[in-house]
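Trainee:
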Amino acid sequence: MADRRALAALVMAVAAGCRAPRPGAPLTQPHATAPRPAPAPAATLTAALDAGDPAAILAAAAAAPAEAVAAARPAIARAIAALPDAALAAHAEALASDQPPRGAIALALADRARRAGDRAGRERWLAVAAASPDADAADRAALTARAAVDRAVIAVLLPLSGPHAAIGRELRAAIALAPPAGATPLWLDTGGDPAGAVRAVEAADAAGALLALGPVGVREAEAARQRAAELGLPLALLSPSDPPPAPGLWGLLDSPTTEAVDAAELAAALGVGTVAVLAPRDEVGAAAAAAFVAAATALDLTVVAQGDYALETRTLGADVKAFLGLDPTTNPRLAAHLRRFGKRGWQTFSPDIGFALLYLPDRYERAALVASFLPYYGVELHREDFPDLDALARKHGGRLPQVVQLVGSSSWHHPGLIARGGPAVEGALVIAPCPLDDGDPAATAFVDGFRAATRRDPSPAAAAAHDAWRLLEAARVGVGGRDLRASLDGALAGASLDDGACGPARVGPDRRIDRTPAVLKVDASAFVREPM
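When the sequence shown is numbered by numbering that gives the first Met the number 0, its final residue is 531 and no position is left out of the sequence of numbers.
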């Protein structure tokens with residue numbers, strides 16, 4: 000509408016400049032027929048804009064004065080976007096080099112060729128734009144700096160320098176172990192910070208990468224996600240975050256929230272009816288707790304308690320007591336017990352526990368300490384399938400306690416958990432999306448290859464990055480059409496990997512990696528896979 004108003008004003012200005020006949024000048028004969036003047040070029044463009052015909056708009060723009068073309072530039076851009084390549088090429092070739100909108104058409108065709116992976120077409124139309132005065136200089140410079148998309152190039156965004164360089168080197172070594180399948184990695188260093196992640200995304204786009212894998216940090220991932228969306232660069236994240244569902248965006252690393260859902264499903268499979276969650280007091284812990292509560296509720300489990308604790312270990316004891324309701328000012332039975340036994344009563348009191356399963360989503364170091372406080376405050380943890388009920392009743396002053404099954408997140412899967420937690424973690428179950436040490440042939444082959452290359456054991460994150468690369472490398476074969484990057488959405492929908500180092504995996508409808516986790520049990524100071 001604004002374009003048409005501007006053109007109308009221009010036409011009126013031209014009309015106002017026409018002079019009236021001089022006084023006394025001869026008038027046209029009454030019966031003479033005057034030829035109808037041809038419409039002014041500006042009026043023709045106005046009519047084409049009103050009609051909304053893209054081809055007519057471009058044809059009229061070619062004959063309109065420069066002022067009219069400038070006023071209608073947004074509408075002309077929309078007309079260019081609406082026409083197919085062949086029609087645009089015909090318009091451009093019919094125009095002289097200095098005749099607009101030849102330059103704008105050439106830039107559009109160069110960008111289409113870039114997205115289709117057509118290097119020759121991109122260069123050809125950039126040359127046409129360079130010879131056309133109406134081609135926007137800034138747009139032409141930006142497009143010149145962006146190579147044609149190459150279906151064989153996958154950028155990998157990792158912290159190869161900075162404080163997290165060890166993680167980046169480990170993931171790079173894991174990805175490099177993937178068998179060759181035609182894709183070339185473009186290694187880009189994020190430096191481990193958001194600004195570096197943005198620069199890496201821009202470098203990946205400028206190099207014509209089909210997509211980018213990474214980065215790994217939560218803050219890096221958010222910064223990279225926003226910039227990649229602006230550039231139209233598909234991004235497969237390796238961070239433990241939960242990306243919003245959006246075209247060209249995937250999450251290929253198991254997140255704390257997906258593990259929390261797995262924990263709730265495990266509780267339902269075990270047949271427990273009452274559950275609780277105790278998480279660290281940070282953003283990740285809060286997200287995991289909320290996901291566990293939502294999933295448990297959806298599974299008709301009763302969530303009896305939801306608590307958190309400070310990240311500083313010196314306050315863990317107080318936070319665990321608060322979670323268990325061990326406040327003598329609000330717990331009359333505890334108050335009476337302490338009056339009778341004094342401070343020693345904290346170790347002999349049998350608390351009222353209303354949940355049969357407790358989920359603790361935290362790192363193994365802190366989780367082991369939290370778990371140790373539970374039996375210290377009288378919580379009876381599940382250690383054996385058939386406990387001696389009489390012995391339990393005697394231990395708890397004649398009352399039969401609720402035995403609680405501890406469940407931990409994948410961060411529990413570390414030898415340090417057993418060393419730190421001791422008897423408190425014996426019998427605990429661990430959600431392990433990528434166990435690696437369960438004898439699976441694909442996992443064993445990956446671990447052996449990684450050890451040979453680095454002389455160290457791989458982490459589950461390294462194995463997940465290895466699998467993510469293989470998944471993307473296989474899916475890229477299915478890209479094609481006028482926009483290679485856009486076609487990735489279809490190529491990755493439901494893509495699967497049957498022999499991953501972390502086990503079978505597929506891309507779920509929520510655009511996140513979906514794999515059935517292993518359930519490990521701490522048994523005799525070792526992690527043993529539980530049949531489920």
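Using N, Cα and C, we set each Cβ at its ideal position, and we do this for glycine too.
1. Could you check how far apart the C-beta atoms of residue 361 and residue 284 are, in whole angstroms? I think they sit under 8 Å.
2. Where does residue 424 sit, in a helix, a strand or coil, going by DSSP?
3. Given a cut-off of 8 Å on the beta-carbon distance, is the pair residue 300 and residue 267 in contact?
4. With burial defined as no fewer than 16 other Cβ atoms inside 10 Å of the residue's Cβ, what is the status of residue 32: buried or exposed?
5. Taking residue 57 as part of the beta strand (DSSP E), name the residues at either end of that continuous run.
6. Check for me: the alpha helix (DSSP H) holding residue 401 runs from which residue to which?
7. Using the Cα positions of residue 86 and residue 109, report the straight-line distance between them to the nearest angstrom.
8. Grab me the residues of residue 77's own chain with a C-beta within less than 7 Å of its C-beta, minus the 5 sequence neighbours each way, in chain order.
9. Would you mind reading off the limits of the alpha helix (DSSP H) that contains residue 233?
10. Should the segment 450-463 be regarded as contacting the segment 167-187, the criterion being three or more beta carbon pairs within less than 8 Å?
11. Pop quiz: residue 121 and residue 107 are said to be a contact at Cβ under 8 Å. What is the actual Cβ separation, rounded to whole angstroms?
12. Taking only runs that begin and end inside the segment 156-194, name each unbroken beta strand (DSSP E) of 3 or more residues, in chain order.
13. Run the CB neighbour count on residue 404, radius 10 Å, all protein chains shown included, and call it buried at 16 or more, exposed below.
14. Among all the DSSP beta bridges, which residues are the ones paired with residue 273?
15. If you count every other CB in all the chains shown that lies within 10 Å of the CB of residue 37, and 16 or more means buried, which is it?
16. With respect to the beta strand (DSSP E) encompassing residue 520, which residues constitute its N-terminal and C-terminal limits?
17. What's the call for residue 355, buried or exposed, on a 16-neighbour Cβ count within 10 Å?
18. Could you tell me if the beta carbon of residue 381 falls within a distance shorter than 7 Å of some heavy atom in the ligand ZN?
19. Can you grab the Cα-Cα spacing for the pair residue 383 / residue 218, in whole Å?
20. Pull up the DSSP beta-bridge partners for residue 208, would you.
21. Tell me which residues share the same chain as residue 28 and place their Cβ nearer than 8 Å to its Cβ, disregarding the 5 neighbours each side in the sequence.
22. Report yes or no: do the segment 174-189 and the segment 467-483 share at least 3 C-beta pairs separated by less than 8 Å?
23. Closer than 6 Å by C-beta to residue 456: which residues in its own chain qualify, once you throw out the five before and the five after it? Chain order, please.
24. Using a threshold of 8 Å, state whether the C-beta atoms of residue 493 and residue 505 are closer than that.
25. Decide if residue 188 is buried, meaning its Cβ has at least 16 other Cβ atoms within 10 Å, or exposed.
26. Since residue 527 is in the beta strand (DSSP E), which residue starts that stretch and which ends it?
27. Excluding the 5 residues preceding and the 5 following residue 62 in the sequence, name in chain order all residues of the same chain whose CB lies nearer than 6 Å to its CB.
28. Out of curiosity, what's the CA-to-CA distance linking residue 45 and residue 136?
29. So the candidates are 322, 407 and 307; which of them puts its Cα closest to the Cα of residue 358?
30. Determine the closest residue to residue 213 out of 234, 229 and 230, with distance taken between C-alpha atoms.
31. Does the distance from the C-beta atom of residue 116 to that of residue 147 stay below 8 Å?
32. Please name the residue, chosen from 143, 324, 424 and 223, that lies closest to residue 521 on a Cα-to-Cα basis.
33. Does DSSP classify residue 504 as helix, strand or coil?
34. Please confirm whether residue 247 and residue 488 have their CB atoms less than 8 Å apart.
35. Just tell me which of 154, 288, 70 and 97 has its CA closest to the CA of residue 128.
36. Determine the DSSP secondary structure at residue 324, reduced to helix, strand or coil.
Mentor: From the atom records:
1. At roughly 7 Å, the Cβ-Cβ gap stays under 8 Å, so residue 361 and residue 284 are in contact.
2. Residue 424 sits in a helix when the DSSP states are folded into three classes.
3. For residue 300 and residue 267, yes; Cβs fall inside 8 Å.
4. Low local confidence applies: a pLDDT of 47 at residue 32 is under 50, so the model's placement there is unreliable, with the coordinate-based value given in what follows. The residue is exposed, with fewer than 16 neighbouring Cβ atoms inside 10 Å.
5. Unbroken run through residue 57 is the alpha helix (DSSP H), 53-62; no beta strand (DSSP E).
6. According to the DSSP assignment, residue 401 belongs to no alpha helix (DSSP H), since it is labelled neither H nor E.
7. Rounded to whole angstroms, residue 86 to residue 109 spans 14 Å at the Cα level.
8. Closer than 7 Å at the Cβ level, and outside the excluded window around residue 77, lies no residue.
9. Premise fails: residue 233 is in no alpha helix (DSSP H) and is neither H nor E.
10. Yes, they touch.
11. In this structure residue 121 does not touch residue 107 by the C-beta definition: roughly 12 Å separates them, more than the 8 Å allowed.
12. For the beta strand (DSSP E) assignment, the uninterrupted runs of no fewer than 3 residues enclosed by the segment 156-194 are, from N- to C-terminal side, 183-188.
13. Looking at its Cβ environment, which holds 16 or more other Cβ atoms inside 10 Å, residue 404 is buried.
14. Beta-bridge pairing links residue 273 to 301.
15. Unreliable positioning characterises residue 37 in this predicted model, as indicated by a pLDDT of 48, which lies under 50. The coordinate reading is nonetheless provided below. Residue burial is scored here from C-beta neighbours: residue 37 has fewer than 16 other C-beta atoms within 10 angstroms and is therefore classed as exposed.
16. Membership of residue 520 in the beta strand (DSSP E) is indicated by the continuous run 517-521.
17. In the assembly as shown, residue 355 is a buried residue. Its beta-carbon has 16 or more other beta-carbons within 10 Å.
18. The model depicted lacks the ligand ZN and carries no ligand whatsoever.
19. Distance between the alpha carbons of residue 383 and residue 218: 42 Å.
20. The partner list for residue 208 (beta bridge, DSSP) reads 149.
21. With a pLDDT of 41 at residue 28, under the threshold of 50, the modelled position of this residue cannot be trusted; read the value that follows with caution. Excluding positions up to five away in sequence, the list is empty.
22. With a cut-off of 8 Å, the segment 467-483 and the segment 174-189 count as touching, because enough Cβ pairs lie within range.
23. Within the same chain, residue 456 has no close Cβ partners at all.
24. Less than 8 Å divides the Cβ of residue 493 from the Cβ of residue 505.
25. It is buried - the Cβ of residue 188 has at least 16 other Cβ atoms within 10 Å.
26. First-last of the beta strand (DSSP E) with residue 527: 526-528.
27. Cβ neighbours of residue 62 beyond the five flanking positions: 40.
28. One C-alpha to the other measures close to 27 Å.
29. When C-alpha distances from residue 358 are compared across 322, 407 and 307, the shortest belongs to 407.
30. Comparing Cα positions, the closest option is 234.
31. Yes; because the gap between Cβ atoms is below 8 Å, this pair is in contact.
32. Residue 521 has its Cα closest to that of 424, out of 143, 324, 424 and 223.
33. The three-state reading of DSSP puts residue 504 in strand, counting E and B together.
34. Closer than 8 Å, so yes.
35. Residue 128 has its Cα closest to that of 97, out of 154, 288, 70 and 97.
36. Correct three-state label for residue 324: coil.
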